[in-house]
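Encoded as structure tokens, the structure appears first; notes follow it.
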Amino acid sequence: MSAVLKIKEVTSLAINQLYDCQLVPGDILVNATKPEFEGDYTVVLFAFIKQLKMSPEQLGQELGQKILSEHPNLFTGFNVIKGFLNFTLSDRYWYAFLQDSADKTHYGTAEPNGQKVMVEYSSPNTNKPLHLGHLRNNFLGRSIAEILKADGYEVTKTCIVNDRGIHICKSMIAWQWFANGATPESTHTKGDHFVGDYYVKFNDVFKQQVETLLAAGKSKEEAEKEAPIMKATQQMLLDWEAGKPEVMELWKKMNSWVYAGFEETYQRIGSDFDKTYYESNTYLLGKDLVESGLASGVFFQKPDGSVWIDLTGDGLDEKLVRRKDGTSVYITQDIGLAVQKQKEFKASQSIYVVGDEQNYHFKVLKLICQKLQLPAADGIYHLSYGMVELPTGKMKSREGTVVDADDLVAEMVNIARQKTEELGKVKDFTREELEELYDIIGLGALKFFLLRVDPKKKMVFNPEESIDFHGFTGPFIQYTHARIKSILRKSAQTDPGDKEIVYTQPLLPLEKELTLQLEMFPSVLQEAAQEHDPSKVAIYVFNLAKTFNSFYTEHSIGNAENGEKKELRLRLSRFTAQVIKTSMQVLGIRVPERM
RNA sequence: GGACCGGUAGCUCAGCUGGAUAGAGCAGCUGCCUUCUAAGCAGCAGGUCAUUGGUUCGAAUCCAAUCCGGUUCACCA
Numbered sequence: 001m002s003a004v005l006k007i008k009e010v011t012s013l014a015i016n017q018l019y020d021c022q023l024v025p026g027d028i029l030v031n032a033t034k035p036e037f038e039g040d041y042t043v044v045l046f047a048f049i050k051q052l053k054m055s056p057e058q059l060g061q062e063l064g065q066k067i068l069s070e071h072p073n074l075f076t077g078f079n080v081i082k083g084f085l086n087f088t089l090s091d092r093y094w095y096a097f098l099q100d101s102a103d104k105t106h107y108g109t110a111e112p113n114g115q116k117v118m119v120e121y122s123s124p125n126t127n128k129p130l131h132l133g134h135l136r137n138n139f140l141g142r143s144i145a146e147i148l149k150a151d152g153y154e155v156t157k158t159c160i161v162n163d164r165g166i167h168i169c170k171s172m173i174a175w176q177w178f179a180n181g182a183t184p185e186s187t188h189t190k191g192d193h194f195v196g197d198y199y200v201k202f203n204d205v206f207k208q209q210v211e212t213l214l215a216a217g218k219s220k221e222e223a224e225k226e227a228p229i230m231k232a233t234q235q236m237l238l239d240w241e242a243g244k245p246e247v248m249e250l251w252k253k254m255n256s257w258v259y260a261g262f263e264e265t266y267q268r269i270g271s272d273f274d275k276t277y278y279e280s281n282t283y284l285l286g287k288d289l290v291e292s293g294l295a296s297g298v299f300f301q302k303p304d305g306s307v308w309i310d311l312t313g314d315g316l317d318e319k320l321v322r323r324k325d326g327t328s329v330y331i332t333q334d335i336g337l338a339v340q341k342q343k344e345f346k347a348s349q350s351i352y353v354v355g356d357e358q359n360y361h362f363k364v365l366k367l368i369c370q371k372l373q374l375p376a377a378d379g380i381y382h383l384s385y386g387m388v389e390l391p392t393g394k395m396k397s398r399e400g401t402v403v404d405a406d407d408l409v410a411e412m413v414n415i416a417r418q419k420t421e422e423l424g425k426v427k428d429f430t431r432e433e434l435e436e437l438y439d440i441i442g443l444g445a446l447k448f449f450l451l452r453v454d455p456k457k458k459m460v461f462n463p464e465e466s467i468d469f470h471g472f473t474g475p476f477i478q479y480t481h482a483r484i485k486s487i488l489r490k491s492a493q494t495d496p497g498d499k500e501i502v503y504t505q506p507l508l509p510l511e512k513e514l515t516l517q518l519e520m521f522p523s524v525l526q527e528a529a530q531e532h533d534p535s536k537v538a539i540y541v542f543n544l545a546k547t548f549n550s551f552y553t554e555h556s557i558g559n560a561e562n563g564e565k566k567e568l569r570l571r572l573s574r575f576t577a578q579v580i581k582t583s584m585q586v587l588g589i590r591v592p593e594r595m
């Protein structure tokens with residue numbers, strides 16, 4: 001049990017005994033004591049003084065006395081300032097914690113809880129390459145999956161690929177008209193970029209044709225409808241839906257190029273999936289649900305034959321679930337897919353990592369599933385994240401301001417290489433070791449940058465100033481890890497390891513602060529899992545690394561003043577390295593042994 | 001217009017189940033490499049927590065109104 005929980009427990013018990021109350025540990029507010037006061041943890045007493053009709057000072061004194069006398073192993077002292085009861089925990093308590101936990105490989109992670117959870121993330125379009133926004137999605141999805149694993153869940157990662165529809169036909173037509181049979185191989189272009197270029201080509205040509213028609217006196221609407229390239233694209237969509245062989249063949253060929261490109265990027269950034277769904281296979285799902293929904297009265301039909309659900313009672317609007325021509329809409333297939341996934345995986349929770357522009361969509365999706373009384377309904381959770389914007393505003397592909405994922409990764413790795421060469425600390429590395437190190441640092445900087453902020457908030461990326469390698473960054477934490485590993489290597493011969501040692505000397509302030517932070521780790525992981533928020537881990541591990549660096553500067557580790565201190569500090573160092581590694585691992589970031 | 005999200009230092013962000021003097025990083029300015037990795041450490045400076053009112057022992061945090069920015073409310077996906 002964590003120290004904070006322990007304090008809540010003994011405090012609630014003491015109040016109940018002294019004043020005949022019925023408090024539970026959750027009623028007690030415990031904070032870390034502010035550095036300017038003496039103590040480790042603070043119980044805030046204001047909440048009780050009205051009920052108990054006594055002054056906060058008196059309550060604090062009585063409570064402190066009782067708790068101190070009953071738990072001499074846990075506390076060594078207390079003080080009361082205004083309504084704050086500050087406790088100092090005993091070194092004995094912290095030493096016992098270190099003996100118990102410092103050398104556990106899986107410290108911080110929970111035992112399997114038998115529950116399954118699905119995480120759907122990435123969800124790309126096959127007509128454009130991945131950009132910075134996708135990176136945030138991928139890193140978040142991957143990280144939340146790892147965090148949930150660490151919290152004891154069995155996690156299945158899924159991906160739904162948007163591989164059909166009018167937008168796909170646009171790149172197909174453009175390729176037919178303009179490519180002269182060119183392929184990614186013949187042009188030495190990555191497959192997803194190759195296809196993406198034809199999507200751009202479509203838009204260029206379309207725009208020209210529209211302008212020509214406008215000049216000829218057509219209205220904007222007419223022009224957009226009658227542009228030859230658009231008409232050809234509409235026809236191709238019909239042919240695709242009819243399963244026309246040459247269209248299907250082209251579609252498959254171009255998709256295979258895109259998938260090869262995606263696969264390369266996914267490998268690079270460390271995304272993987274247990275199951276990939278394709279919309280071309282799932283877009284017809286959910287049709288039977290419309291029928292049963294009509295039968296049960298959850299849906300209703302309008303005179304023109306279209307089918308709707310009335311959500312006005314829930315403060316929303318009416319929502320279409322089947323067009324008058326009988327075809328289904330986006331939300332219908334999402335409902336169908338939710339049901340299918342539930343059948344396949346029987347997860348208690350289904351997390352969708354999707355941008356916040358779809359907040360309304362997922363609200364509606366969950367509500368409809370609940371009204372249909374589907375078993376998956378209550379487990380639906382939309383992990384909504386904000387846009388990544390540029391200082392000038394939103395990224396726009398038409399204005400060429402989209403930050404390409406592959407380019408950015410390459411740039412980050414390149415910066416990592418430059419900085420590493422400047423510092424010249426790993427000149428003895430082989431070529432392969434160097435390449436790996438650059439990847440670790442470059443990707444680490446990028447991932448940490450995108451994961452350190454609250455997912456639901458939009459964030460700004462400034463391409464002019466490249467992502468930092470100092471301060472609140474991935475490389476700072478990786479550096480701290482490498483530094484610790486260096487010390488441990490140097491002390492390997494004389495390190496007594498994890499054998500039992502009786503500590504007798506008082507913990508110095510920075511030794512204690514480090515210990516306190518290490519002790520918080522399991523509850524941080526738990527909170528990150530509950531709130532679906534990797535930034536909690538990022539902030540924690542940054543503070544841990546900072547504390548270690550202060551500790552490192554203040555105290556000698558390998559050449560400590562005596563054997564006991566040396567053993568203690570080596571143990572704290574090993575422990576810190578371990579917690580840094582685990583924290584970064586759930587963020588999807590590797591840590592180097594040297595850098 | 002309705003709904004939802006946001007507004008904290010020059011910039012990027014923490015803090016938001018109400019608690020002590022609002023915290024980091026970057027940028028700026030001072031120091032610190034003849035001892036364990038200076039991708040580091042110590043320090044200085046920088047604030048009307050959008051505005052106004054309310055709730056109370058106490059408000060960046062809760063409530064209301066207002067202002068600003070964003071998203072969304074498609075027989076698109």
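Oh and the first sequence: position 42 is 42 in our numbering, straight run, nothing missing. We put the beta carbon where it would ideally sit given N, CA and C, even for glycine.
Going by C-alpha positions, A410 is about 28 Å away from M172. Boundaries for H71: no beta strand (DSSP E) harbours it, and the DSSP string shows neither H nor E there.
Under the DSSP assignment, V4 falls in the alpha helix (DSSP H) whose first and last residues are A3 to Y19. Under the three-state reduction of DSSP output, E344 falls in the helix class. Under the three-state reduction of DSSP, Y479 is assigned to helix. S491 sits in coil when the DSSP states are folded into three classes, being neither helix nor strand. Annotation for L390: T401, V403, V460, F461, N462 and P463 place their beta carbon closer than 8 Å to its own, counting only its chain and skipping 5 residues before and after. The stretch 186 to 196 makes no contact with the stretch 233 to 247: fewer than 3 CB pairs, one atom from each, lie closer than 8 Å.
I28 and D40 have their C-alpha atoms spaced approximately 16 Å apart. The Cβ atoms of R268 and G444 do not sit closer than 9 Å to each other.
Taking every protein chain shown into account, the CB of M1 has fewer than 16 other CB atoms within 10 angstroms, so this residue is exposed.
With fewer than 16 neighbouring CB atoms inside 10 Å of its own CB, A47 falls in the exposed class. Assignment of R323 by DSSP, reduced to helix, strand and coil, places it in the coil class. Taking the CA atoms as reference points, S535 sits about 48 Å from A227. In chain order, G558 and L570 place their CB closer than 7 Å to the CB of S491, counting only its own chain and leaving out the 5 sequence neighbours on each side. Within the same chain, V119, V155 and K157 come within 6 Å of A145 by CB-CB distance, once the 5 residues on both sides are set aside. Listed as beta-bridge partners of K116 by DSSP are E154.
For F78, the enclosing beta strand (DSSP E) starts and ends at F75 to I81.
DSSP lists no beta-bridge partner residue for K244. In this structure, DSSP gives H382 an extended state, which the three-state scheme calls strand. In this chain, the alpha helix (DSSP H) harbouring Q578 covers G563 to V586.
The bridge partners DSSP lists for Y540 come to none.
Using a 10 angstroms sphere on the CB of P375, the tally of other CB atoms stays under 16, which defines it as exposed. Looking at S296, S271 and N203, the one whose alpha-carbon comes closest to that of N127 is N203. In the DSSP assignment, no residue is bridged to D163.
Taking C-beta atoms as the reference points, G386 and P475 fail to come closer than 9 Å.
The beta-carbon distance between V4 and V30, rounded to whole angstroms, is 5 Å. This is short enough to meet the 8 Å contact definition.
Setting aside the 5 residues that flank it on each side, Q209 is surrounded in the same chain by A227, P228 and I229, each with a C-beta closer than 7 Å to its C-beta; the list follows chain order. It is roughly 45 Å from the alpha-carbon of H382 to the alpha-carbon of L508. For D310, the three-state secondary structure derived from DSSP is strand. The count of Cβ pairs closer than 8 Å, one atom from the stretch 350 to 368 and one from the stretch 107 to 124, reaches three, so the stretches are in contact. Separation of K319 and F345 (C-alpha to C-alpha, rounded to the nearest whole angstrom) is 28 Å. Bridge pairing for E389: V460 [DSSP].
A direct Cα-Cα distance of roughly 24 Å separates E62 from P35. For K53, no alpha helix (DSSP H) encloses it, and the DSSP letter there is neither H nor E. Secondary structure in the stretch 212 to 237: the alpha helix (DSSP H) runs of 4 residues or longer, each lying completely within the stretch, are 220 to 226 in chain order.
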